[in-house]
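What follows is the structure, encoded as structure tokens:
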């Protein structure tokens with residue numbers, strides 16, 4: 023069974039970091055563009071831009087840097103801090119998978135037999 | 023900074039276990055009632071019942087047992103398996119907190135200074 027573990031961080035009432043934002047950061051790195059990254063997840067440009075802006079405000083320095091062409095054009099890259107946050111989050115995920123192997127296996131063993139896929 | 027870590031388990035396409043369902047199980051244990059447990063989270067009875075039913079079908083044996091009075095009356099208790107799943111999940115949470123102390127601290131240190139509460 024390939025249980026997927028995801029980690030969500032709530033820093034305070036308002037600021038959160040979870041799988042969605044981290045995947046968006048990685049997609050921006052891959053595509054060099056906020057719009058293209060958003061499209062990968064079927065996300066409206068407005069939504070992708072909003073999340074990017076939220077991430078940039080959340081940290082002491084921006085995680086994403088846009089280049090040229092203004093809001094709707096040009097490219098986007100991760101800053102050093104952006105790369106670092108992605109790496110820390112993915113490292114944390116690897117560690118939680120390792121540290122909870124026994125608990126997850128016990129929970130999996132208690133599940134009902136999987137129903138057949140449709 | 024008191025960052026809250028939460029763990030979400032996606033077993034397959036359909037079946038999930040996360041902080042909401044586990045908190046509901048604990049509330050059922052506390053109140054001895056699905057309705058009262060739901061009320062604690064401002065949840066309609068229908069919704070609490072639906073989650074309970076989902077949890078019971080998800081596992082090989084029920085996690086919650088209702089007693090007497092039918093759907094809307096009587097009490098509810100956690101079964102042995104219900105207790106075990108709650109314990110395994112909470113143990114897993116403790117372990118993820120321990121195993122990611124360094125990563126979480128590094129991410130916290132990169133956050134912008136917190137804005138003042140409203």
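Residue numbers (the numbering used here), protein chains in the order written: chain A, 23 to 140; chain B, 23 to 140.
Where a beta carbon is used, it is the ideal one built from N, C-alpha and C, also for glycine.
Fair warning: this is a prediction, and the values are worked out from it, not measured in the lab.
Contiguous beta strand (DSSP E) assignments of at least 3 residues, all confined to the segment 67–104 of chain A: 86–89 and 97–100
| field | Span of the alpha helix (DSSP H) around residue 26 (chain B) | value | Within the second chain, numbered from 1, the residue matching residue 26 (chain B) stands at position 4. Looking at the DSSP string, residue 26 (chain B) is not in any alpha helix (DSSP H); the run it does join, the beta strand (DSSP E), is 26–32.
- Query: Which chain A residues sit within Cβ distance under 7 Å of residue 101 (chain B)?
  - Reply: One-based indexing of the second chain puts residue 101 (chain B) at position 79. None at all; the shortest Cβ gap to chain A is about 11 Å.
* Which residues in the same chain have their Cβ closer than 6 Å to the Cβ of residue 31 (chain A), if we skip the five residues on either side of it in sequence? -> Within the first chain, numbered from 1, the residue matching residue 31 (chain A) stands at position 9. Closer than 6 Å at the Cβ level, and outside the excluded window around residue 31 (chain A), lie 39.
From residue 135 (chain A) to residue 97 (chain A), what distance separates their C-alpha atoms?
-> Numbered from 1 along the first chain, position 113 holds the residue referred to as residue 135 (chain A). Numbered from 1 along the first chain, position 75 holds the residue referred to as residue 97 (chain A). If you take the alpha carbons of residue 135 (chain A) and residue 97 (chain A), they lie about 47 Å apart.
Open item on the list: Between residue 33 (chain A) and residue 23 (chain B), how many whole angstroms is the CB-CB distance? I'm expecting something under 8 Å.
Closed with: Counted from its first residue, the first chain places residue 33 (chain A) at position 11. Counted from its first residue, the second chain places residue 23 (chain B) at position 1. Right, their Cβ atoms sit about 7 Å apart.
Open item on the list: Assuming residue 136 (chain B) is part of the alpha helix (DSSP H), what are its boundary residues?
Closed with: For this step, residue 136 (chain B) is matched to residue 114 along the second chain. Premise fails: residue 136 (chain B) is in no alpha helix (DSSP H) and is neither H nor E.
- [ ] Keeping to the same chain, check which residues put their C-beta closer than 7 Å to that of residue 54 (chain B); ignore five residues upstream and five downstream.
- [x] Here residue 54 (chain B) refers to the residue found at position 32 of the second chain. Only 97, 98 and 99 meet the Cβ criterion.
Is residue 108 (chain A) buried or exposed, if buried means 16 or more other CB atoms sit within 10 Å of its CB? The residue labelled residue 108 (chain A) in the question sits at position 86 within the first chain. With 16 or more Cβ atoms within 10 Å of its Cβ, residue 108 (chain A) is classed as buried.
### Nearest-angstrom Cβ-Cβ length linking residue 73 (chain B) and residue 85 (chain B), presumed shorter than 8 Å
Position 51 of the second chain, counting from 1, holds the residue named residue 73 (chain B). Position 63 of the second chain, counting from 1, holds the residue named residue 85 (chain B). Wrong, their Cβ atoms sit about 11 Å apart, outside the cutoff.
Item checked: Nonlocal neighbours in the same chain, by C-beta distance under 6 Å from residue 75 (chain A), ignoring five residues either side -> As a position in the first chain, residue 75 (chain A) is number 53, starting the count at 1. Once the five neighbours on either side are set aside, residue 75 (chain A) has no close Cβ partner at all.
Note to self: Quick check on DSSP: helix, strand or coil for residue 116 (chain B)?
What the structure shows: Residue numbering aside, residue 116 (chain B) sits at position 94 when the second chain is read from its first letter. Reduced to three states, the DSSP call for residue 116 (chain B) is helix.
Just checking: is the beta-carbon of residue 140 (chain B) within a distance shorter than 7 Å of some beta-carbon in chain A? Taking the first residue of the second chain as 1, we reach residue 140 (chain B) at position 118. A caution first: residue 140 (chain B) carries a pLDDT of 43, below 50, which makes its placement in the model unreliable, though a value can still be read off. Closer than 7 Å: no.
Practice problem: Would you list, in chain order, the members of the segment 102–134 of chain A that have their beta-carbon closer than 8 Å to a beta-carbon of chain B? | Solution: 103, 106, 107, 110, 111, 113, 114, 117, 118, 120, 121, 122, 125, 126, 128, 129, 130, 132, 133 and 134
The alpha helix (DSSP H) that contains residue 48 (chain A), what's its start and end?
Walking along the first chain from the start, residue 48 (chain A) turns up at place 26. Where residue 48 (chain A) is concerned, the enclosing alpha helix (DSSP H) stretches over 41–53.
Does the Cβ of residue 70 (chain A) have 16 or more other Cβ atoms within 10 Å, making it buried, or fewer, making it exposed?
Indexing the first chain from 1 puts residue 70 (chain A) at position 48. Classification of residue 70 (chain A): buried, given that the 10 Å Cβ count is 16 or more.
Exercise. For the alpha helix (DSSP H) containing residue 60 (chain A), list its first residue and its last residue.
Key: As a working note, residue 60 (chain A) is residue 38 in the first chain. Its alpha helix (DSSP H) spans residues 56–62.
Residue 37 (chain B) by DSSP, collapsed to three states: which one?
-> Counting from one through the second chain, the residue named residue 37 (chain B) turns up at place 15. Three-state result, residue 37 (chain B): coil.
>> Please identify, using Cβ separations under 9 Å, the residues of the segment 25–37 of chain A that lie next to chain B, in order along the chain.
In response: 25, 26, 27, 28, 29, 30, 31, 32, 33, 34, 35, 36 and 37
Against chain A, with Cβ distances strictly below 7 Å, would residue 63 (chain B) count as a contact? Position 41 of the second chain, counted from the start, is the residue given in the question as residue 63 (chain B). Residue 63 (chain B) does not count as touching chain A.
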